[in-house]
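The structure appears right after this line, and notes come after that.
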Amino acid sequence: MQKPLSDRLVENDFEQVRRGYDPIAVNGFLTKLSEQARKLEAEVANVNARNNALERRLKDNESNKSQVSAAFVAAADAKQALLADAERQAKRIMDKAKDQADKLGGPHVEIEQSRREVGDMLLQAQRKVNAAEEEAARILETAKSQADDLTARSRTQALSAVTESKTEAERLLAEAENEYRRVSLMLRGLKSAVRDMIEHGEASHDEIAVVLSETDSVTGGTVAL
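Per numbering that gives the first Met the number 0, the sequence shown starts with residue 0, numbered consecutively.
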(Lines of atoms letter the chains of each structure in order from A and count residues from 1; the text may use other names and numbers.)
(Lines give C-alpha, C1' and ligand atoms only; values in the text may rest on other atoms or scores of the structure.)
Protein backbone atom coordinates (compact mmCIF):
# COMPACT_ATOMS: atom_id res chain seq x y z
CA MET A 1 0.00 0.00 0.00
CA GLN A 2 1.35 3.41 -0.93
CA LYS A 3 2.25 5.61 2.03
CA PRO A 4 0.35 8.87 2.63
CA LEU A 5 1.70 11.95 0.91
CA SER A 6 2.66 13.54 4.23
CA ASP A 7 4.96 10.59 5.07
CA ARG A 8 6.49 10.59 1.59
CA LEU A 9 7.30 14.29 1.92
CA VAL A 10 9.20 13.74 5.16
CA GLU A 11 11.08 10.69 3.86
CA ASN A 12 12.09 12.36 0.59
CA ASP A 13 15.78 13.36 0.42
CA PHE A 14 17.19 15.99 -1.90
CA GLU A 15 20.39 15.24 -3.70
CA GLN A 16 23.31 17.07 -2.12
CA VAL A 17 25.02 19.59 -4.42
CA ARG A 18 27.86 21.99 -3.92
CA ARG A 19 25.88 25.07 -4.88
CA GLY A 20 22.15 25.34 -4.28
CA TYR A 21 19.73 25.21 -1.35
CA ASP A 22 20.83 24.89 2.22
CA PRO A 23 19.88 21.29 3.18
CA ILE A 24 18.62 22.47 6.58
CA ALA A 25 16.34 25.06 4.98
CA VAL A 26 15.05 22.56 2.43
CA ASN A 27 14.37 19.93 5.10
CA GLY A 28 12.60 22.52 7.22
CA PHE A 29 10.45 23.49 4.27
CA LEU A 30 9.57 19.87 3.54
CA THR A 31 8.68 19.32 7.20
CA LYS A 32 6.24 22.24 7.13
CA LEU A 33 4.86 21.03 3.82
CA SER A 34 4.40 17.55 5.31
CA GLU A 35 2.52 18.99 8.29
CA GLN A 36 0.22 20.95 6.01
CA ALA A 37 -0.37 17.89 3.83
CA ARG A 38 -1.15 15.82 6.94
CA LYS A 39 -3.75 18.38 8.01
CA LEU A 40 -5.25 18.22 4.55
CA GLU A 41 -5.36 14.41 4.70
CA ALA A 42 -7.07 14.63 8.10
CA GLU A 43 -9.68 16.99 6.63
CA VAL A 44 -10.33 14.58 3.77
CA ALA A 45 -10.55 11.63 6.20
CA ASN A 46 -13.09 13.57 8.25
CA VAL A 47 -15.19 14.20 5.16
CA ASN A 48 -14.89 10.50 4.29
CA ALA A 49 -16.17 9.52 7.73
CA ARG A 50 -19.10 11.90 7.49
CA ASN A 51 -20.01 10.71 4.03
CA ASN A 52 -19.79 7.08 5.14
CA ALA A 53 -22.12 7.80 8.06
CA LEU A 54 -24.46 9.60 5.70
CA GLU A 55 -24.40 6.63 3.34
CA ARG A 56 -25.49 4.29 6.13
CA ARG A 57 -28.37 6.59 7.08
CA LEU A 58 -29.49 7.08 3.51
CA LYS A 59 -29.60 3.32 2.87
CA ASP A 60 -32.37 3.08 5.50
CA ASN A 61 -34.64 5.25 3.35
CA GLU A 62 -35.47 2.71 0.63
CA SER A 63 -38.44 4.69 -0.65
CA ASN A 64 -36.08 7.39 -1.93
CA LYS A 65 -33.33 4.98 -2.93
CA SER A 66 -32.80 6.03 -6.53
CA GLN A 67 -32.71 9.79 -5.93
CA VAL A 68 -30.58 9.61 -2.80
CA SER A 69 -28.22 7.08 -4.41
CA ALA A 70 -27.56 9.37 -7.35
CA ALA A 71 -26.87 12.33 -5.07
CA PHE A 72 -24.56 10.26 -2.86
CA VAL A 73 -22.59 8.97 -5.84
CA ALA A 74 -22.06 12.57 -6.92
CA ALA A 75 -20.82 13.49 -3.43
CA ALA A 76 -18.51 10.45 -3.34
CA ASP A 77 -17.09 11.35 -6.76
CA ALA A 78 -16.47 14.90 -5.57
CA LYS A 79 -14.71 13.55 -2.49
CA GLN A 80 -12.41 11.34 -4.56
CA ALA A 81 -11.71 14.18 -6.96
CA LEU A 82 -10.77 16.39 -4.00
CA LEU A 83 -8.28 13.85 -2.67
CA ALA A 84 -6.76 13.20 -6.10
CA ASP A 85 -6.42 16.92 -6.82
CA ALA A 86 -4.74 17.57 -3.48
CA GLU A 87 -2.31 14.71 -4.09
CA ARG A 88 -1.44 16.03 -7.56
CA GLN A 89 -0.88 19.58 -6.39
CA ALA A 90 1.25 18.57 -3.41
CA LYS A 91 3.34 16.26 -5.60
CA ARG A 92 3.80 19.03 -8.17
CA ILE A 93 5.08 21.42 -5.49
CA MET A 94 7.37 18.77 -4.02
CA ASP A 95 8.83 17.98 -7.44
CA LYS A 96 9.30 21.65 -8.18
CA ALA A 97 11.05 22.23 -4.85
CA LYS A 98 13.35 19.29 -5.52
CA ASP A 99 14.23 20.58 -8.99
CA GLN A 100 14.92 24.03 -7.63
CA ALA A 101 17.18 22.61 -4.94
CA ASP A 102 19.58 21.55 -7.70
CA LYS A 103 19.72 24.99 -9.25
CA LEU A 104 21.77 28.02 -8.35
CA GLY A 105 20.66 31.33 -6.82
CA GLY A 106 17.92 32.81 -4.67
CA PRO A 107 16.95 30.01 -2.26
CA HIS A 108 14.88 32.30 -0.02
CA VAL A 109 12.80 33.61 -2.93
CA GLU A 110 12.15 30.11 -4.26
CA ILE A 111 11.13 28.78 -0.85
CA GLU A 112 8.78 31.71 -0.30
CA GLN A 113 7.20 31.09 -3.68
CA SER A 114 6.74 27.42 -2.82
CA ARG A 115 5.15 28.39 0.48
CA ARG A 116 2.68 30.61 -1.33
CA GLU A 117 1.81 27.81 -3.71
CA VAL A 118 1.26 25.43 -0.81
CA GLY A 119 -0.96 28.03 0.85
CA ASP A 120 -3.01 28.40 -2.33
CA MET A 121 -3.28 24.64 -2.64
CA LEU A 122 -4.51 24.27 0.94
CA LEU A 123 -6.98 27.13 0.49
CA GLN A 124 -8.44 25.50 -2.61
CA ALA A 125 -8.57 22.14 -0.86
CA GLN A 126 -10.35 23.71 2.12
CA ARG A 127 -12.92 25.25 -0.18
CA LYS A 128 -13.54 21.86 -1.76
CA VAL A 129 -13.83 20.24 1.67
CA ASN A 130 -16.39 22.87 2.67
CA ALA A 131 -18.31 22.29 -0.56
CA ALA A 132 -18.32 18.52 0.07
CA GLU A 133 -19.61 19.05 3.62
CA GLU A 134 -22.35 21.37 2.36
CA GLU A 135 -23.35 18.81 -0.28
CA ALA A 136 -23.48 16.05 2.34
CA ALA A 137 -25.65 18.24 4.60
CA ARG A 138 -27.95 19.04 1.68
CA ILE A 139 -28.35 15.34 0.84
CA LEU A 140 -29.16 14.52 4.47
CA GLU A 141 -31.70 17.35 4.70
CA THR A 142 -33.35 16.21 1.47
CA ALA A 143 -33.58 12.63 2.73
CA LYS A 144 -35.08 13.78 6.05
CA SER A 145 -37.62 15.98 4.26
CA GLN A 146 -38.63 13.16 1.94
CA ALA A 147 -38.93 10.71 4.83
CA ASP A 148 -41.08 13.16 6.83
CA ASP A 149 -43.28 13.80 3.79
CA LEU A 150 -43.70 10.06 3.20
CA THR A 151 -44.64 9.52 6.85
CA ALA A 152 -47.18 12.35 6.75
CA ARG A 153 -48.73 11.03 3.54
CA SER A 154 -48.95 7.50 4.94
CA ARG A 155 -50.61 8.78 8.11
CA THR A 156 -53.12 10.84 6.11
CA GLN A 157 -53.93 7.90 3.87
CA ALA A 158 -54.43 5.63 6.89
CA LEU A 159 -56.81 8.11 8.53
CA SER A 160 -58.68 8.51 5.27
CA ALA A 161 -59.03 4.73 4.92
CA VAL A 162 -60.39 4.44 8.48
CA THR A 163 -62.90 7.23 7.82
CA GLU A 164 -64.04 5.63 4.58
CA SER A 165 -64.44 2.23 6.27
CA LYS A 166 -66.46 3.77 9.09
CA THR A 167 -68.71 5.61 6.61
CA GLU A 168 -69.27 2.43 4.60
CA ALA A 169 -70.09 0.45 7.75
CA GLU A 170 -72.60 3.10 8.83
CA ARG A 171 -74.18 3.03 5.37
CA LEU A 172 -74.52 -0.75 5.40
CA LEU A 173 -75.99 -0.67 8.91
CA ALA A 174 -78.55 1.94 7.86
CA GLU A 175 -79.51 -0.16 4.83
CA ALA A 176 -79.89 -3.25 7.01
CA GLU A 177 -82.07 -1.38 9.50
CA ASN A 178 -84.25 -0.01 6.70
CA GLU A 179 -84.61 -3.49 5.21
CA TYR A 180 -85.50 -4.92 8.60
CA ARG A 181 -88.20 -2.30 9.12
CA ARG A 182 -89.58 -2.92 5.61
CA VAL A 183 -89.73 -6.69 6.09
CA SER A 184 -91.23 -6.32 9.56
CA LEU A 185 -94.00 -4.09 8.22
CA MET A 186 -94.69 -6.55 5.41
CA LEU A 187 -94.85 -9.47 7.82
CA ARG A 188 -97.15 -7.67 10.19
CA GLY A 189 -99.47 -6.97 7.25
CA LEU A 190 -99.43 -10.59 6.13
CA LYS A 191 -100.07 -11.97 9.58
CA SER A 192 -102.86 -9.49 10.12
CA ALA A 193 -104.43 -10.70 6.89
CA VAL A 194 -104.07 -14.31 8.04
CA ARG A 195 -105.78 -13.53 11.33
CA ASP A 196 -108.66 -11.90 9.44
CA MET A 197 -108.92 -14.94 7.18
CA ILE A 198 -109.06 -17.23 10.20
CA GLU A 199 -111.62 -15.11 11.98
CA HIS A 200 -113.93 -14.94 8.96
CA GLY A 201 -113.26 -18.50 7.77
CA GLU A 202 -112.30 -17.31 4.31
CA ALA A 203 -109.34 -19.64 3.90
CA SER A 204 -108.65 -23.31 4.38
CA HIS A 205 -106.16 -24.59 6.90
CA ASP A 206 -103.78 -25.56 4.09
CA GLU A 207 -103.80 -22.01 2.61
CA ILE A 208 -103.16 -20.46 6.00
CA ALA A 209 -100.34 -22.90 6.68
CA VAL A 210 -98.68 -21.90 3.39
CA VAL A 211 -98.81 -18.17 4.29
CA LEU A 212 -97.43 -18.80 7.77
CA SER A 213 -94.64 -20.98 6.38
CA GLU A 214 -93.59 -18.25 3.93
CA THR A 215 -93.55 -15.56 6.61
CA ASP A 216 -91.62 -17.76 9.03
CA SER A 217 -89.00 -18.48 6.35
CA VAL A 218 -88.38 -14.73 6.04
CA THR A 219 -88.27 -13.95 9.79
CA GLY A 220 -86.75 -17.20 10.97
CA GLY A 221 -89.90 -17.89 12.98
CA THR A 222 -89.26 -14.94 15.36
CA VAL A 223 -92.44 -12.95 14.71
CA ALA A 224 -95.55 -14.36 16.42
CA LEU A 225 -99.19 -13.87 15.50
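Cβ atoms here follow ideal geometry from the backbone N, Cα and C, with glycine treated the same way.
Legend entry - Among Asp119, Val128, Arg154, nearest to Asn45 - alpha-carbon criterion: Of the listed residues, the one whose Cα sits closest to Asn45 is Val128.
Inset, instruction - Enumerate in chain order the residues of its own chain whose CB-to-CB distance from Gly105 is below 6 Å, with the five nearest sequence positions on each side excluded. - result: Bear in mind that a pLDDT of 48 at Gly105, under 50, signals an unreliable position, so the number given afterwards is only what the model happens to contain. Counting only Cβ-Cβ distances below 6 Å, and skipping sequence neighbours, we find nothing.
Inset, instruction - Alpha carbon to alpha carbon, how far is Lys143 from Arg126? Give it in angstroms, no decimals. - result: Pairing Arg126 with Lys143, the inter-Cα distance amounts to about 26 Å.
Legend entry - Proximal residues to Arg49 (C-beta, below 8 Å), its chain only, five neighbours per side dropped: Closer than 8 Å at Cβ, skipping near neighbours: Glu132, Ala135.
Inset, instruction - Taking the CB atoms as reference points, tell me whether Leu121 and Leu39 lie closer together than 8 Å. - result: Yes, these two residues count as a Cβ contact at 8 Å.
Inset, instruction - Answer with buried or exposed for Glu42, where buried requires no fewer than 16 other C-beta atoms within 10 angstroms of its C-beta. - result: With 16 or more Cβ atoms within 10 Å of its Cβ, Glu42 is classed as buried.
Legend entry - Start-end ranges of the beta strand (DSSP E) lying completely within the stretch 117–152, minimum 3 residues: The stretch 117–152 is shown to contain no whole beta strand (DSSP E) run of 3 or more residues.
Inset, instruction - Taking only the alpha-carbon atoms, compute the straight-line gap between Lys165 and Thr155 and give it to the nearest angstrom. - result: If I take the Cα positions, the gap works out to 15 Å.
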